[in-house]
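So the sequence shown is numbered by UniProt numbering: it starts at 1 and just counts up by one.
Ideal Cβ placement from N, Cα and C applies to all residues, glycine included.
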Amino acid sequence: MPVVVVESPAKAKTINQYLGSDYTVLASFGHVRDLPAKNGSVDPDADFAMTWEVAADSKKHLRAIKDALKDDPDLILATDPDREGEAISWHLLEALAPKKGTPVSRVTFNAITKSAVTEAISNPRQIDQDLVDAYLARRALDYLVGFNLSPVLWRKLPGAKSAGRVQSVALRIIVDREMEIEAFRAREYWSVHARLATPTGAEYDAQLVSYAGDKLDRFDLATAEAAKLAVTAVDSRDLTVTSVTAKPASRNPWPPFMTSTLQQEASRKLGLGARACMSAAQRLYEAGLITYMRTDGIDMAPEAVMAARDAIKGRFGADYVPKSPRMYKNKAKNAQEAHECIRPTDMTLADPRIADSDQRRLYDLIWKRTLASQMESARLERTTVEIASSDGQVGLRATGQVVQFDGFLRIYDQGRDDAPRGEDDDDSARLPKITQGEVARKVAGAFASEVAEADKGAVAGADAAVLGRQHFTQPPPRYTEATLVKRMEELGIGRPSTYASIVTTIQDRDYVRKDGQRLIPEDKGRLVTTFLARYFPRYVSYDFTADLETELDDISAGGRAYREVLARFWRDFTAALAGTSELRITEVLEAIDEALSPHLYPPRADGGDPRQCPLCGVGRLNLKTARSGGAFIGCTNYPECRFTRPLSAPGDGEAAQGDRVLGSDADGLQISLRNGRFGWYVQRGEASAEVPKPPRASVPKGWSIEAMDLERGMQLLALPRTIGTHPEDGAPVEAGLGRYGPYVKHGTRYVNLPDVEEVFTIGMNRAVEVLASKPMRGGRVAAAPLAELGEHPSGGPIQVLSGRFGPYVKWGKVNATLPRDLAPEEMTMERALELIEAKAGKTGAKKKAPAKAKAAAKPKAAAKPKAKPAGTAKAKAAKATPDDEGGEG
1 MPVVVVESPA KAKTINQYLG SDYTVLASFG HVRDLPAKNG SVDPDADFAM TWEVAADSKK
61 HLRAIKDALK DDPDLILATD PDREGEAISW HLLEALAPKK GTPVSRVTFN AITKSAVTEA
121 ISNPRQIDQD LVDAYLARRA LDYLVGFNLS PVLWRKLPGA KSAGRVQSVA LRIIVDREME
181 IEAFRAREYW SVHARLATPT GAEYDAQLVS YAGDKLDRFD LATAEAAKLA VTAVDSRDLT
241 VTSVTAKPAS RNPWPPFMTS TLQQEASRKL GLGARACMSA AQRLYEAGLI TYMRTDGIDM
301 APEAVMAARD AIKGRFGADY VPKSPRMYKN KAKNAQEAHE CIRPTDMTLA DPRIADSDQR
361 RLYDLIWKRT LASQMESARL ERTTVEIASS DGQVGLRATG QVVQFDGFLR IYDQGRDDAP
421 RGEDDDDSAR LPKITQGEVA RKVAGAFASE VAEADKGAVA GADAAVLGRQ HFTQPPPRYT
481 EATLVKRMEE LGIGRPSTYA SIVTTIQDRD YVRKDGQRLI PEDKGRLVTT FLARYFPRYV
541 SYDFTADLET ELDDISAGGR AYREVLARFW RDFTAALAGT SELRITEVLE AIDEALSPHL
601 YPPRADGGDP RQCPLCGVGR LNLKTARSGG AFIGCTNYPE CRFTRPLSAP GDGEAAQGDR
661 VLGSDADGLQ ISLRNGRFGW YVQRGEASAE VPKPPRASVP KGWSIEAMDL ERGMQLLALP
721 RTIGTHPEDG APVEAGLGRY GPYVKHGTRY VNLPDVEEVF TIGMNRAVEV LASKPMRGGR
781 VAAAPLAELG EHPSGGPIQV LSGRFGPYVK WGKVNATLPR DLAPEEMTME RALELIEAKA
841 GKTGAKKKAP AKAKAAAKPK AAAKPKAKPA GTAKAKAAKA TPDDEGGEG
């Protein structure tokens with residue numbers, strides 16, 4: 001029986017069903033070899049020779065394949081149809097080393113269906129060496145950058161972890177956007193609206209577009225006073241409809257999904273991060289439900305187009321099928337292999353039985369987008385109504401649209417990443433029947449409730465029929481994972497198989513944190529980006545990175561020799577590395593401080609020196625690094641002056657804000673508010689020989705610094721406070737603020753409180769109730785699991801528990817933390833087994849059932865590997881994983 005090798009066991013199981021007992025289908029479990037994580041794995045002096053190492057877990061998989069080949073030496077490599085899949089097949093062939101003359105063939109299929117698999121088996125080919133060369137070049141580049149640039153960061157920039165060829169450019173995109181946001185200064189403007197009615201009483205809204213006979217631009221009404229005059233002008237005049245214009249319009253559907261657009265839409269509509277999206281798509285592909293999910297292509301196979309048109313006609317009727325099929329052309333820069341789009345393998349299958357929530361929702365999204373891409377356009381009618389006073393002093397406009405035929409909107413409409421904030425978008429409003437020449441009557445009291453709630457943000461006419469609304473221009477929005485992928489695609493940076501890993505890596509390195517859906521750079525990320533932009537500007541350049549991607553694509557097309565690309569890159573890169581060899585840390589900090597100077601120390605309104613310390617007036621502000629690896633702005637007059645502020649640029653009025661005295665306590669000691677390297681805090685008294693460390697208390701996150709007063713300061717300094725004694729054992733019960741937020745403490749037990757304010761008001765009854773909600777571990781009852789997933793195949797229960805550092809999966813002694821983008825309630829048995837497998841392999845734990853399951857005999861203890869000396873560049877390099885572009889196999 002010929003031996004067919006694929007990447008995953010799920011894929012092997014599906015394919016085995018199609019090929020039957022005539023074939024043996026085995027899984028390689030992804031890549032079987034990789035570059036060892038140590039210096040010298042790529043040797044530029046030996047024409048970029050690469051040393052490969054078979055992973056420990058891969059040895060048993062290779063052994064199983066070799067054993068199967070003893071019965072039938074016919075080897076068929078059926079890994080994924082992209083550059084990464086070609087590389088896996090090449091690695092397998094190299095690692096298996098079959099005897100000369102052994103029949104080896106390569107097959108690819110874009111979808112795991114019976115027809116696609118059997119067609120591929122009937123049309124084998126050889127491994128595409130050009131695609132392999134492109135992979136080798138990419139892997140060598142990532143290794144050379146990571147293992148040579150990361151040690152420079154460690155030595156010259158305390159707290160930095162790693163750098164990567166594409167990872168660092170993605171980080172720069174986020175940092176640049178954050179600096180735009182911080183440098184942004186909002187500008188005020190006002191708009192004026194009227195609620196009008198037709199003679200029949202139907203109401204509609206209109207906006208002022210001309211005033212005093214002139215067209216009104218966005219910032220013409222810049223103050224509340226100007227808006228009030230405009231409101232009065234509209235309020236005091238009779239209005240008439242001067243024209244009604246209706247124009248037909250149409251909306252065309254979006255093309256079917258490719259990798260980047262799937263990740264973007266999954267983020268918008270499903271809340272899935274890039275990694276979670278691709279994991280769910282991988283499972284759908286392996287189950288034979290969708291085509292290959294890592295692709296730049298948006299074209300669809302002719303037979304799939306016809307199947308989609310038939311499905312549309314059968315489900316929605318002939319009116320929803322356009323006269324001719326829709327054709328789409330990829331506009332993405334540096335599009336990779338000519339793959340098909342991501343689509344269902346069966347167009348009629350709208351709701352397959354899928355247990356996993358993420359997979360089910362993602363399939364629904366793909367099915368709808370695919371069918372919508374081949375549906376008829378939506379037909380609309382856009383109406384514009386012009387209203388004016390008889391003297392021509394004021395003119396208003398009302399707009400709206402009517403959907404006359406919904407077309408593709410019947411099943412799908414694309415989401416938006418960032419809808420305008422503070423803007424009025426009435427284009428989609430439905431207008432009543434309005435006739436030219438009719439009187440537009442103002443509806444008294446229409447805006448009364450809005451005026452009452454708006455405070456200073458609105459001004460209204462005498463009878464609240466006309467309203468002026470205050471607006472402020474908005475800074476550009478922070479990137480989400482979806483918009484970051486979109487931006488990278490626009491710049492030609494990264495590829496379908498790399499987006500998810502790049503976005504994940506910069507978060508895992510603590511260079512970026514995720515707040516909701518938004519990506520915010522940490523201080524470490526800012527420093528790394530500035531350092532690289534100062535000393536390695538070429539290698540964080542958008543154009544250079546995109547041009548290098550083009551060269552890699554040329555290699556895959558057979559147009560370039562990969563060693564020539566590597567040689568040219570290495571020559572210039574080593575010269576840049578040599579330029580930093582003599583740098584001292586102080587020089588680096590001074591250079592970064594100077595580079596960030598326009599951003600960190602913007603001009604002051606009073607014309608003074610922006611670097612002058614606002615607290616003592618003597619010292620100058622400069623960049624300092626903390627032991628944690630972060631950074632902050634501090635005064636050179638330290639320790640006499642303790643003024644500090646975060647690394648971000650000061651906002652309006654913030655530059656002059658420093659320590660201040662809130663008042664004095666009953667003993668006459670000053671209570672002061674101070675800004676330290678870890679944020680704001682209150683302090684009682686000053687340091688002295690008798691009291692070297694005066695009492696301090698951190699200001700909770702979310703508290704207004706401007707609103708801090710003596711009472712609030714004294715409350716914080718009084719923590720932790722004793723609530724009373726517990727009724728069961730008489731031990732004291734306390735409330736306080738800790739590292740993980742507000743808490744109640746009884747003995748050695750801490751239970752979190754939901755609200756900071758409750759720390760100051762909680763009584764004994766409520767405290768006992770909170771403590772009872774989380775029983776003690778060990779001595780009494782362990783905390784109830786969040787979910788019971790069932791029995792492990794080797795025995796023993798698998799549970800989802802809540803831990804100190806977040807939710808995790810527990811099986812015996814194996815504890816696997818859940819990924820950031822995976823909620824506990826969405827955990828499945830299949831995903832849990834993957835996490836346990838990965839955790840057990842990473843830690844070297846023996847995969848056996850818990851003792852109480854009596855699954856297996858106790859294994860022998862493994863010998864401990866010899867430890868490497870800590871603190872050296874080589875030791876750190878051995879731990880680094882610079883491959884920021886690893887595919888997901």
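Option nearest residue i by Cα separation, candidates the options
{"i": "Tyr-539", "options": "Ala-170, Ser-122, Arg-106", "result": "Ala-170"}
{"i": "Ala-308", "options": "Ser-250, Arg-326, Asp-553, Arg-138", "result": "Arg-326"}
{"i": "Lys-624", "options": "Pro-614, Pro-610, Leu-600", "result": "Leu-600"}
{"i": "Val-402", "options": "Ser-389, Ala-10, Pro-432, Ala-194", "result": "Pro-432"}
{"i": "Val-768", "options": "Pro-727, Val-618, Phe-531, Glu-826", "result": "Pro-727"}
{"i": "Asp-510", "options": "Ala-163, Ala-68, Asp-47, Met-1", "result": "Ala-163"}
{"i": "Ala-206", "options": "Ala-578, Ser-191, Glu-837", "result": "Ser-191"}
{"i": "Ala-838", "options": "Asp-821, Ala-816, Glu-826", "result": "Ala-816"}
{"i": "residue 899", "options": "Lys-38, Pro-344, Val-152", "result": "Residue 899 falls outside the range modelled here, since the chain spans only 1 to 889, and no answer is possible."}
{"i": "Arg-218", "options": "Arg-469, Leu-669, Glu-590", "result": "Arg-469"}
{"i": "Gly-392", "options": "Arg-177, Met-714, Ser-210", "result": "Ser-210"}
Reduced DSSP secondary structure (H/G/I, E/B, other) of residue i
{"i": "Asn-765", "result": "helix"}
{"i": "His-471", "result": "strand"}
{"i": "Lys-524", "result": "helix"}
{"i": "Trp-190", "result": "strand"}
{"i": "Gly-738", "result": "strand"}
{"i": "Arg-251", "result": "strand"}
{"i": "Leu-149", "result": "helix"}
{"i": "Lys-329", "result": "coil"}
{"i": "Phe-408", "result": "helix"}
{"i": "Arg-749", "result": "strand"}
{"i": "Arg-495", "result": "coil"}
{"i": "Val-588", "result": "helix"}
{"i": "Gln-393", "result": "coil"}
{"i": "Gln-799", "result": "strand"}
{"i": "Arg-138", "result": "helix"}
{"i": "Asp-214", "result": "strand"}
Close beta carbons around residue i, own chain, < 7 angstroms, minus the five adjacent residues each side
{"i": "Tyr-681", "result": "Arg-674, Arg-696, Ala-697, Ser-698, Val-699"}
{"i": "Pro-732", "result": "Thr-722, Thr-725"}
Cut-off 8 angstroms between Cβ atoms - residues of its own chain near residue i, not counting five sequence neighbours on either side
{"i": "Gly-778", "result": "Here the model assigns Gly-778 a pLDDT of 44, short of 50, so the residue's position is not dependable, and the following value carries that caveat. Excluding residues within five positions, none has a Cβ falling inside 8 angstroms."}
{"i": "Gly-20", "result": "none"}
{"i": "Ser-390", "result": "Arg-237, Asp-238, Thr-240"}
{"i": "Ala-10", "result": "Arg-283, Glu-286, Ala-287"}
{"i": "Arg-487", "result": "Ile-173, Tyr-479"}
Cβ-based neighbour list, residue i, same chain, cut-off 6 angstroms, excluding 5 preceding and 5 following
{"i": "Thr-383", "result": "Ala-246, Gly-400, Leu-431"}
{"i": "Val-321", "result": "Arg-309, Ile-312, Lys-313"}
{"i": "Ala-429", "result": "Gly-400"}
Terminal residues of the alpha helix (DSSP H) in which residue i lies
{"i": "Arg-568", "result": "562 to 578"}
{"i": "Glu-788", "result": "Glu-788 -> not in any alpha helix (DSSP H); beta strand (DSSP E) instead, spanning 787 to 791."}
{"i": "Asn-16", "result": "9 to 19"}
{"i": "Pro-302", "result": "302 to 316"}
{"i": "Trp-367", "result": "357 to 373"}
{"i": "Tyr-542", "result": "542 to 556"}
{"i": "Thr-259", "result": "259 to 265"}
{"i": "Tyr-285", "result": "274 to 286"}
Boundaries of the beta strand (DSSP E) in which residue i is found, first to last residue
{"i": "Cys-635", "result": "631 to 635"}
{"i": "Arg-596", "result": "Note on identity: in this sequence residue 596 is Leu, with Arg being the wrong assignment. No beta strand (DSSP E) contains Leu-596, which DSSP labels as neither H nor E."}
{"i": "Ile-502", "result": "Here Ile-502 belongs to no beta strand (DSSP E); instead the alpha helix (DSSP H) covers 499 to 508."}
{"i": "Tyr-204", "result": "203 to 211"}
{"i": "Ile-387", "result": "378 to 389"}
{"i": "Asp-515", "result": "512 to 515"}
{"i": "Val-5", "result": "3 to 6"}
{"i": "Arg-106", "result": "104 to 106"}
**OP:** Any chance you could list the beta strand (DSSP E) runs of at least 3 consecutive residues sitting entirely within the segment 17 to 99, in chain order?
**Re:** For the segment 17 to 99, whole beta strand (DSSP E) runs of length 3 or above, ordered along the chain, are 24 to 27, 75 to 77.
Subject >> Contained alpha helix (DSSP H) runs [length at least 4] in the segment 651 to 723, N- to C-terminal order >> reply: Segments of the alpha helix (DSSP H) lying fully in the segment 651 to 723: 710 to 717.
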